[in-house]
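> FYI, our numbering numbers position 48 of the sequence shown as 132, with every residue one higher than the one before it.
Glycine included, each C-beta is placed from N, C-alpha and C at the ideal position.
Before we start, here is the structure in question, set down as structure tokens.
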Amino acid sequence: MTGAEKTWLENRPEGLYCVPGGFHIDPHRPVDRAVLTHGHADHTRPGNDAILATPETLAIAESRYEGRAANRVQALSYGETIRLGEVDLRLVPAGHILGSAQVVMEHRGQRITVSGDYKRRADPTCAPFEVVESDIFITEATFGLPVFRHPPDAEEIGKLLDSMAAFPDRTHLLGVYALGKCQRMILLLRAAGHDETIYLHGALEKLCKLYRRFGVDLGPTAPAAGLPGSALKGKLVMCPPSAIADRWSRKFGDAVTAVASGWMRVRARARQRGAELPLIVSDHADWDELCQTIGDVNAGEIWVTHGREDALVHQARAMGLEAKALHMIGREEEGE
Ligand SMILES: [Zn+2]
Ligand SMILES: [Zn+2]
């Protein structure tokens, strides 16, 4: 079915707006009522009057904004359905980070699903992506080019562990985003048998604590602060990517520098980040996962947002689907 954008889901300057439900999804300006897909800063912004999200996303928003997230919050767990206005709404796992959800809306027999950010591969820190057959599916396209094919996670983790074995006297500094990537890398390392204490930059500690509160067992970690560089030789220290080029990293001497991100596929980005050891580990669907998903959801119409839209629109049309790019504003590239 076409024309739904005009009839009940509108692409407004402040973000997608569900007309019969009276709410925005991931608005980038404060609104009266927002439904949030997940806690990354470009999706969950402060200052909305009312927000609805999974309990995990609400906890992340509270941890980041400390009382400024919203005046009123409402939790909706995976699998529950509520009625907002004339719309039945549920949140379905997106497999992106802890609490991440697809927003599934039904109105007068038509189902529209907004994916938020998602990935299809296994991630022990969050519930796996669920396919929801939909009339219209709105997909992200952060890595929406055929050049972006993420290798198996275990291969990338293997590179890091090999380097630690080859340079047992050097600190390994691993740059990761604080929300999602940090906790996933820790669990991937644990799954590969690394059970030693992992040292954390202060900027990573709060969200690790939050993940633990939601039952994610990260194994032994300790703050890197306050320890002399000499005590961390041969150890793994995780930090935000920006800290690698920072004065903070000097105490580690000739550390091996690694960064884990989907963008590490691009050599110039790895150089720019100062990553000797670029690890391609992403919390977003790669090209193959995007193409698989737009087929799996069996939608007549695909709307593409949030990244490299044109290639995926072209691909969807080649698959016989109606497709268009939303060209939403306020969706800067996600650091991930
Ligand atoms: Zn995200
Ligand atoms: Zn995003």
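For Asp279, collect the residues of the same chain with a Cβ closer than 7 Å to its Cβ; drop the 5 residues on either side in sequence, then sort them by chain order.
Gly303.
> Identify whether Thr77 lies in helix, strand or coil by the three-state DSSP scheme.
The question about residue 77 has no answer, for the chain in this structure spans 85 to 420.
> Just verifying my parser: in three-state terms, what is the DSSP assignment at Cys102?
In this structure, Cys102 counts as strand in the three-state DSSP scheme.
> Ligand 2 and His127: does any heavy atom of the ligand fall closer than 7 Å to the residue's C-beta?
His127 Cβ: within cutoff of ligand 2.
> Can you list, in chain order, the residues of its chain with a C-beta nearer than 8 Å to that of Ser161? Leave out the 5 residues immediately preceding and following it.
Closer than 8 Å at the Cβ level, and outside the excluded window around Ser161, lie Thr138, Pro139, Leu175.
> Quick one: complete beta strand (DSSP E) runs, 3+ long, within the segment 154–191?
Listed in chain order, the complete beta strand (DSSP E) runs (minimum 3 residues) inside the segment 154–191 are 154–159, 165–168, 171–177, 185–191.
> Between which two residues does the alpha helix (DSSP H) carrying Pro139 extend?
Element bounds for Pro139: 139–149.
> Over the uninterrupted beta strand (DSSP E) stretch that includes Ile220, give me the two end residues.
Looking at the DSSP string, the run of the beta strand (DSSP E) that includes Ile220 is 220–225.
> I'd like to confirm something about Asp201: is its beta-carbon nearer than 7 Å to some heavy atom of ligand 2, or not?
Checking the Cβ of Asp201 against ligand 2 gives yes.
> Following the continuous alpha helix (DSSP H) through Met269, name the residue where it begins and the one where it ends.
265–275 is the span of the alpha helix (DSSP H), which, as asked, contains Met269.
> If we call anything under 8 Å between Cβ atoms a contact, is Cys102 one with Met189?
Yes. Within cutoff.
> Does the segment 223–231 come within contact of the segment 260–278, defined as at least 3 CB pairs closer than 8 Å?
Flag = no, the segment 223–231 and the segment 260–278 do not touch.
> Please confirm if Gly346 has its CB atom under 8 Å from at least one CB of chain D.
In the structure shown, chain D does not exist; there is a single protein chain.
> Starting from the N-terminal side, write out each stretch of the alpha helix (DSSP H) that is 4 residues or longer and does not extend beyond the segment 327–409.
Counting whole runs of 4 or more residues, the segment 327–409 contains the alpha helix (DSSP H) stretches 351–356, 371–380, 393–402.
> Could you tell me the alpha carbon to alpha carbon distance between Thr86 and Ile222, rounded to whole angstroms?
Unreliable placement is indicated for Thr86, whose pLDDT of 48 sits below 50; the coordinate value is still reported in the next sentence. Approximately 13 Å between the Cα atoms of the pair.
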